[in-house]
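> Numbering (our numbering), first residue to last: 55 to 183.
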Amino acid sequence: VAAQLYEVFSAKGVATAAKLLNTMFAKHASVPRLTSHANTSWHIHVDSSDHASWAEWFASSSALALAVLLAEKQHNPGGVCASKVCGRPFIDTGKGGGRLYCSPRCATRERVAMHRKAHAQLSNNSKKV
């Protein structure tokens, strides 16, 4: 299931993400139903039953949540961190043009690395003159 979700997060384009989510629905989901099992409030399930395996529940529920985000925003609901040392998937619920990094920490680390690299190149070039 994790590998299938990673494919959705790393999809290039909304149509590809939608196709991958539809594949997950076909493989893991059943007709949506409302349930209040184990004294919980009413909520939607798309797995086969209240006794489905954890993997089936996780796959079908994740696909449903990501599909709702895709339909609302009309772009891939997640991404894969652009940091060379990270690569973790993340959910993008922001209103902007899309995130590149999973966290402010990864974004800062990359900006600092680029700044240091540029500063080092400037230093090396000035020494050659």
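Backbone N, C-alpha and C define an ideal beta-carbon position, used for all residues, glycine too. Because the structure is a prediction, the values reported are computed rather than measured.
Closest by CA to Ala161, which one among Lys149, Lys181, Ala174, Val134?
Within the sequence shown, residue 161 is the residue found at index 107, counting from 1. It is Val134.
> Is there contact here, the region 123-130 with the region 140-155, by at least three beta-carbon pairs under 8 Å?
Short answer: they touch.
> So if DSSP puts His105 in a beta bridge, which residue, or which two residues, is it bridged to?
Within the sequence shown, numbered from 1, the residue matching residue 105 stands at position 51. According to DSSP, His105 bridges with nothing at all.
> Is the beta carbon of Gln128 sitting closer than 8 Å to the one on Val166?
For the purposes of this step, residue 128 is taken as residue 74 along the sequence shown, with counting starting at 1. For the purposes of this step, residue 166 is taken as residue 112 along the sequence shown, with counting starting at 1. Not in contact: Gln128 and Val166 (Cβ atoms no closer than 8 Å).
> Relative to the C-alpha of Arg87, which residue among Leu74, Ser103, Met78 is closest?
On the sequence shown, position 33 is the one that residue 87 refers to. Checked all of Leu74, Ser103, Met78; the closest Cα to Arg87 is Ser103.
> Starting from the C-beta of Leu118, find all residues in its chain whose C-beta is less than 6 Å away, skip the five residues before and the five after it, and write them out in chain order.
Position 64 of the sequence shown, counted from the start, is the residue given in the question as residue 118. For Leu118, where only same-chain residues beyond five positions count, the Cβ hits under 6 Å are Val100.
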